[in-house]
Structures are given as structure tokens and as C-alpha cells.
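Residues 1 to 218 in our numbering are what the sequence shown lists, from first letter to last.
From the three backbone atoms N, C-alpha and C, an ideal C-beta is built for every residue, glycine too.
Owing to the predicted nature of the structure, the values given are computational and were not obtained by experimental measurement.
Structure record follows, encoded as C-alpha cells.
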Amino acid sequence: MTAIILQCISKSFGTKQILSDASLKIQQGAFFAITGASGSGKSTLLNIIGLLDFPDHGEYFWGTQKLSLQDKSCHAKIRNESIGFIFQSYNLLGGYTAKENILLPLLYSKKKKRDTDRFNQIVSSLGLNNILASNVNILSGGEKQRVAIARALINSPTVIICDEPTGNLDAKNATGVLEILKKENDNGVTIVFVTHSSDFDKYYSEKVEIKDGGIQKC
Ligand SMILES: Nc1ncnc2c1ncn2[C@@H]1O[C@H](COP(=O)(O)OP(=O)(O)O)[C@@H](O)[C@H]1O
Ligand SMILES: [Mg+2]
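Laid out in C-alpha cells, this is it:
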């Protein structure tokens with residue numbers, strides 16, 4: 001099954017065209033990497049894939065469902081129920097504990113009833129037991145990113161969108177993040193991973209590059 005298809009997507013900011021007639025197909029269960037020069041449109045594309053932003057033109061298929069580009073409530077439903085996000089800058093809620101941050105997506109999801117088993121399993125597999133009560137402001141970069149990953153996983157997403165999630169980490173912590181994502185991918189979760197580096201090429205099932213507004217296979 002195909003998870004996500006974008007067909008002839010265009011996106012401009014003002015007069016600046018970032019994506020022009022770009023197309024891609026992400027298979028369900030892929031570990032799909034997107035690379036490209038700084039400013040080439042990687043985050044723009046990822047925001048469109050993750051239904052955080054709209055293309056100006058083009059078609060978006062979520063599985064077999066063609067999405068209306070304007071239907072924000074449909075996008076929000078898919079996003080909240082099926083997509084997890086991990087960013088380079090962690091995007092945690094400062095002043096709150098690790099546990100509060102991890103549980104945050106449940107506030108926006110239909111899966112309101114907390115699945116304690118799922119929570120415990122994620123927390124222990126990411127080695128977060130000892131820092132659950134800590135304010136996230138005092139955590140190290142590696143710890144923050146593991147909290148962010150736990151938050152991305154709590155809703156059992158079918159797709160995880162990652163925007164340079166290892167960009168602020170040392171090599172050991174970066175490899176740890178890739179290994180965690182690989183385990184999810186082995187369980188059938190689709191990973192869409194924006195990266196600058198070729199350090200982790202062995203993890204990817206497919207890699208594409210954004211160039212001159214288009215998307216080409218590497
Ligand atoms: N919301 C926005 N408004 C105006 N310009 C933007 C916006 N978001 C991104 N851009 C511009 O679009 C281009 C691509 O940005 P981005 O997708 O963040 O690139 P990348 O992630 O590959 O570094 C950049 O020139 C950036 O300044
Ligand atoms: Mg970016």
C-alpha cells in the first residue's frame with residue numbers, strides 16, 4: 001500500500017517559488033529520506049507532507065483518499081490521529097515536565113483514554129523513567145530529543161515526520177535516534193526523514209533530493 005502520494009505540488013512564498021510541479025510517492029513502511037541544500041525547501045515539503053501547510057497547487061493522496069487542499073478539519077484529524085512529528089529544535093513545552101510533554105498529543109486526539117501500557121513501554125524503551133518528573137528545560141539535548149520522540153510515538157502514529165532530528169546531537173545520540181526510528185520502522189511505521197548528512201544512508205529504504213523546486217531520486 002502507498003502511504004502518501006504528492007502529485008505536481010507547487011508552493012511559493014510571495015514571489016519566491018520553492019516547489020514547482022514536485023511529485024513523490026512514499027510507500028507504507030518506507031524509511032524515506034529527503035535531502036537538499038539549505039533553503040531548498042525541505043522543511044516546506046515536510047510541512048506539506050505532514051499536513052501542517054498547504055501547497056498552492058497539486059494533489060495529495062493519503063492512502064487511497066484524495067484530500068481537498070482546503071479541508072483543514074480533515075487535515076487536522078489525520079495529523080492528530082496518524083502523524084508524529086520530531087524536529088531539530090525538539091519543540092518541547094518549556095516549564096513542563098517530560099511526562100507532561102509526552103502526554104500532550106493525547107489532548108488533541110480522539111484516543112483520550114490513556115493507554116498506560118503504551119506509555120510505560122515507550123518510556124522504558126527510550127530510557128526515560130528517571131527523568132519523567134524533570135522540567136524539560138534542564139534536560140540535555142539527547143534527553144530532550146528522546147522526550148520529543150516519546151511524544152511523537154504516544155498516539156501510535158502510522159507516519160513519523162522528522163525534520164533534521166539529529167542536527168543538534170552528537171554522533172552517539174544521533175545514532176540512538178536512528179536506532180529508535182528503525183525499531184518503529186521495523187514495526188511497520190513509515191518514517192519521513194529530512195537530513196543534511198549522508199552518515200545514516202544505510203537506514204533509508206529510499207532517498208530523494210530537492211533541487212530547483214523538483215524532487216529527484218538519489
Ligand atoms: N513561512 C515562510 N514565509 C516566507 N518564506 C519562507 C517561509 N518558510 C520558508 N520560507 C523560505 O522558503 C525557502 C525554503 O525554506 P525551507 O523549506 O525552510 O528550506 P530548508 O528546510 O531546505 O532549509 C527559504 O528561502 C525560506 O526562507
Ligand atoms: Mg529546514
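Residue i beta carbon near ligand 2 (any heavy atom closer than 6 Å)
{"i": "S198", "result": "no"}
{"i": "K42", "result": "yes"}
Integer-rounded CB distance, given that residue j should sit under 8 Å from residue i
{"i": "V136", "j": "N129", "result": "The Cβ separation is near 15 Å, so there is no contact."}
{"i": "L106", "j": "N155", "result": "7 Å"}
{"i": "A148", "j": "I86", "result": "5 Å"}
{"i": "D71", "j": "K11", "result": "That pair is no contact at about 18 Å."}
{"i": "T97", "j": "A133", "result": "6 Å"}
{"i": "L181", "j": "I160", "result": "7 Å"}
{"i": "L24", "j": "G58", "result": "Not a contact, Cβ separation roughly 11 Å."}
{"i": "H75", "j": "L51", "result": "4 Å"}
{"i": "E44", "j": "I78", "result": "Note that residue 44 corresponds to Thr in the displayed sequence, not to Glu. 19 Å between Cβ atoms; not a contact."}
{"i": "K207", "j": "A33", "result": "4 Å"}
{"i": "I83", "j": "P157", "result": "5 Å"}
{"i": "G214", "j": "A22", "result": "5 Å"}
{"i": "S40", "j": "K211", "result": "7 Å"}
{"i": "I9", "j": "W62", "result": "Actually they do not touch by this definition, with Cβ atoms about 14 Å apart."}
{"i": "T35", "j": "E209", "result": "5 Å"}
Per DSSP, cross-strand counterpart(s) of residue i
{"i": "K11", "result": "L19"}
{"i": "A76", "result": "Bridge partners of A76: none, in fact."}
{"i": "N135", "result": "T97"}
{"i": "Q216", "result": "E209"}
{"i": "Y203", "result": "Answer by DSSP bridge pairing: none, since Y203 is not bridged."}
{"i": "I83", "result": "V159"}
{"i": "L169", "result": "For L169, which the question treats as bridged, DSSP gives no partner whatsoever."}
{"i": "I48", "result": "Bridge partners of I48: none, in fact."}
{"i": "V177", "result": "Answer by DSSP bridge pairing: none, since V177 is not bridged."}
Residue i CB to nearest heavy atom of ligand 1 below 6 Å
{"i": "S23", "result": "no"}
{"i": "I102", "result": "no"}
{"i": "I219", "result": "Missing from the structure shown is residue 219; the chain here goes from 1 to 218 and no further."}
{"i": "F13", "result": "yes"}
{"i": "G303", "result": "Lying outside 1 to 218, the shown extent of the chain, residue 303 is not represented and no answer is given."}
{"i": "L39", "result": "In the sequence under discussion, the amino acid at residue 39 is Gly, which differs from the Leu named in the question. Yes."}
Buried/exposed call for residue i, threshold 16 Cβ in 10 Å
{"i": "A171", "result": "exposed"}
{"i": "I138", "result": "exposed"}
{"i": "Y108", "result": "exposed"}
{"i": "C162", "result": "buried"}
{"i": "N101", "result": "buried"}
{"i": "F13", "result": "exposed"}
{"i": "T280", "result": "As displayed, the chain neither begins before 1 nor continues past 218, which places residue 280 out of reach and without an answer."}
{"i": "K91", "result": "Here residue 91 turns out to be Asn, not Lys, going by the sequence shown. By the 10 Å Cβ count, N91 comes out exposed."}
{"i": "N220", "result": "Lying outside 1 to 218, the shown extent of the chain, residue 220 is not represented and no answer is given."}
{"i": "K42", "result": "buried"}
beta-carbon residue i near ligand 4 non-hydrogen atom, thresh 6 Å
{"i": "S125", "result": "Inclusion of ligand 4 in the displayed structure is not the case, the ligand content consisting of ligand 1 and ligand 2 alone."}
Check your understanding: When the Cβ atoms of the segment 163-177 are set against those of the segment 137-147, are three or more pairs found closer than 8 Å?
Key -> A contact is defined here as three or more CB-CB pairs under 8 Å, and the segment 163-177 meets this definition with respect to the segment 137-147.
**Study point:** At least 3 beta-carbon pairs within less than 8 Å: the segment 29-38 vs the segment 180-190
**Key:** Verdict: yes, contact present.
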